[in-house]
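All letters in the sequence shown, in the order written, are residues 1 to 555 by full-length UniProt numbering.
Beta carbons are placed, not taken as given, at the ideal position from N, Cα and C, and that holds for glycine.
It should be emphasised that the depicted structure is a prediction, and the values quoted were computed from it without experimental measurement.
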Amino acid sequence: MQALDQIQEILPAKKGANCALFLDKLFAFRYIFTMTKSAREIELKLELDPAAQDEIKRSGALKDFAASRPVTKTLQSIYFDTPDQALRQAKISLRVRKSGRSWVQTAKLGTGVMGGLSSPIEAEHPVSGRALDLSVIEDADVRAKLVETIGDASVSECFETVMKRTTRQLTRETDGAHIELAFDTGNILAGPESHPLVELEMELKAGPSAALFEVAKQLLNDVPFRFSPYSKAERGYRFAEGQPDGKAVPFFAENVVFEQGITVEHAFRDVLRSCLTQIAENRLAVLASENPEGPHQLRVGLRRLRSAFRLFKPALNPATMTPLDQLARTVAAEAGALRDFDVLIDEIVEPVVDKAPESISFEALLADLHASRGKDTRTALVTHLKSAEVNAFLLDQAAYTEGRGWLDPENFDQSSLLAQPIEDFAAQALAKQWKKVNKYGKRLDELTIPERHEMRKAMKKLRYGIEFFGSLYPKDAVKPLLKRMKRLQDIFGYLNDVAMAERLPEMSNVTGKNALTAGQAIGFTIGWHEAQSQAMWQHARGYWDATKDVPKFWS
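Shown next as structure tokens:
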């Protein structure tokens, strides 16, 4: 081990992503070498509709992979914890599982799930029955961690799962990939209550982790899926506590929180995880209902992703980033088209109905807009979200995030940049984006309508940057600028909506006897909002002056 430590001291002086990859493999080897009877498993966990899972289970051969015959077993798993859930809080699961006549005790350390990926340390040992026996754990480190976490507390059964598991082994000779597919169908049991459990797990037994995502793309094709946000243990805890099991509803991303001193690379990874979760969850929300917040939050997630690509661009490989960015742009435009209709109906036309003279009827115009929203924009978005292309995009984004897809073997300065603490990088990124905003702000009174739109987009990227990096700075320093930025965005957003309203005449499909009344409604709507926008634009000047004078917390 001393030789490995000496190599670690020498190699950081070298540059380039190849060096970074070598170090990763070297330290992974050291980690495995120091472990005893435990192993780190890598699993991709996906949630599917039960009917879709049955269809995939019956699917044929996969390209380049040899597949074993399916094997089905019934598994009964009993999960244990202390009264105050000390194991759960430490991200440890402790269970005893019955398969056939055999019982196996399993301890998993590090049970968090990110982008569907789980990579806990796992220690498995045969036991005689459903009772725990920590003495059989041969790995001293795992046993010590369990003893430390449990302390003097009692440990008892919390809940159990009973499921049928159908497994198939996939192997590929070219790179030694070996993946176990596990189709789980059953129930979580807590007291007298039960809850259905349907999950597809893909465990990497050997070979590169990228093989997991390759298999997932072939298996799923165009079947919508959800990256499972929880381990089975966490799902059991949540069900036992009466918490909802993640129904498809609009998902609002929380601000990313960084630890002080985190590297540029780890900060980028954490931002990507936040974006991927928001995009994937809201894809399902759009497919599940016509709630207008679904497409809105989907577009926000895609915009946050594209903003992250811009803010971290100096540290990224454009060859791997660009395809993801381009498809994100396409889907964002489709979600934006539906969102624009929602805004046009809910925030532009409907609010003026009560303000118009009784002689002006909005009935025909609103009926036409609702029909166009459903027939054209929503249909186009839903069709694309159900496609193999969007499935592949989500899986590629997950592979990029968890597999360090940003590494560039030809960029010899990348390693040092990725290894830097995030603080200096964040300050430079925010200063650069502020400069773009300020370029428009200096000529605010002269901006054309398209230039106002570009300023709005630049402000939006800056706001996302502030929300990404804000946890690195004192809240009192961040709040004044963020508050003014949000207000400015609201003003520019309204002005953009009014500009969109001016397209109402060409968007209207009302004909015949209702064409005149629809035209009158359009005219009143445009006139009323244009008057409001002129007053709003005067406020924009004042808010901009206040914003540019606020101290920039990153300076």
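Proximal residues to residue 308 (C-beta, below 8 Å), its chain only, five neighbours per side dropped: Correct list, in chain order: 268, 271, 272, 275, 464, 468.
Top-ranked residue by Cα proximity to residue 232, from 167, 444, 262, 94: For residue 232, the nearest C-alpha among the options comes from 94.
Pick helix, strand or coil for residue 473, following the three-state DSSP scheme. Residue 473 sits in coil when the DSSP states are folded into three classes, being neither helix nor strand.
Check whether residue 147 and residue 127 have beta carbons under 9 Å apart: For residue 147 and residue 127, no; Cβs fall outside 9 Å.
Output the boundary residues of the alpha helix (DSSP H) element that contains residue 336. Residues 318 to 343.
Under three-state DSSP, which class holds residue 406? When DSSP states are grouped into helix, strand and coil, residue 406 belongs to the coil group.
Buried or exposed, going by whether 16 or more other CB atoms sit within 10 Å of the CB of residue 49? Counting Cβ neighbours within 10 Å, residue 49 comes out exposed, since fewer than 16 surround it.
Within 10 angstroms of the Cβ of residue 10, are there 16 or more other Cβ atoms? Answer buried if so, exposed if not. Unreliable positioning characterises residue 10 in this predicted model, as indicated by a pLDDT of 41, which lies under 50. The coordinate reading is nonetheless provided below. Taking all protein chains in view, the Cβ of residue 10 is surrounded by fewer than 16 other Cβ atoms within 10 Å, so the residue is classified as exposed.
Which residue comes first and which comes last in the beta strand (DSSP E) that contains residue 80? Looking at the DSSP string, the run of the beta strand (DSSP E) that includes residue 80 is 71 to 81.
Going by Cα to Cα distance, which pick from 413, 507, 407, 301 is closest to residue 366? From the listed residues 413, 507, 407, 301, the smallest Cα separation to residue 366 is found for 507.
Find the nearest neighbour of residue 400 within the set 101, 334, 324, judged by alpha-carbon distance. Ranking 101, 334, 324 by Cα distance to residue 400 puts 324 first.
Using beta-carbon positions only, say whether residue 203 and residue 42 come within less than 9 Å of one another. Yes, the pair counts as a contact, with Cβ atoms nearer than the cut-off.
Would you check if the segment 250 to 262 and the segment 64 to 76 touch, i.e. whether three or more CB-CB distances between them fall below 8 Å? The answer is no - the segment 250 to 262 does not touch the segment 64 to 76, with fewer than three Cβ pairs under 8 Å.
Rounded to a whole number of angstroms, what is the C-alpha to C-alpha distance between residue 429 and residue 354? Taking the straight line from one Cα to the other gives about 46 Å.
Closest to residue 208 by CA distance: which of 555, 282, 183, 171 is it? Measuring from the Cα of residue 208, the nearest candidate turns out to be 171.
Between the segment 496 to 515 and the segment 439 to 447, do three or more beta carbon pairs fall short of 8 Å? With a cut-off of 8 Å on Cβ pairs, the segment 496 to 515 is not in contact with the segment 439 to 447, counting fewer than three such pairs.
What are the partner residues of residue 199, as DSSP defines its beta bridges? The partner list for residue 199 (beta bridge, DSSP) reads 184.
Residue(s) in a DSSP beta bridge with residue 461: Answer is none; residue 461 lacks a bridge partner.
Please state if the CB of residue 472 and the CB of residue 436 are separated by a distance shorter than 9 Å. Cβ distance not < 9 Å, so residue 436 and residue 472 don't count as in contact.
Could you give the first and the last residue of the continuous beta strand (DSSP E) run that contains residue 96? Run containing residue 96: 92 to 99, per the beta strand (DSSP E) assignment.
Measure from the alpha carbon of residue 476 to the alpha carbon of each residue in 303, 551, 409, then state which is nearest. Nearest neighbour of residue 476 by Cα position, chosen from 303, 551, 409, turns out to be 551.
Can you tell me whether DSSP reads residue 174 as helix, strand or coil? Coil.
Alpha carbon of residue 292 to alpha carbon of residue 281, nearest angstrom: A straight-line Cα-Cα distance of about 14 Å links residue 292 and residue 281.
Same chain, Cβ closer than 6 Å to residue 327, neighbours up to 5 away in sequence not counted: Close CB contacts of residue 327 within its chain, under the 6 Å cut and outside five residues either way in sequence, are with 393 (chain order).
Examine the Cβ distances between the segment 452 to 462 and the segment 482 to 493 and report whether three or more of them are shorter than 8 Å. Enough Cβ pairs lie closer than 8 Å, so yes.
Return the Cβ separation of residue 332 and residue 302 in integer angstroms, given the expectation that the two are a contact with Cβ distance under 8 Å. Yes, they are in contact, since the Cβ atoms of residue 332 and residue 302 sit about 4 Å apart, within 8 Å.
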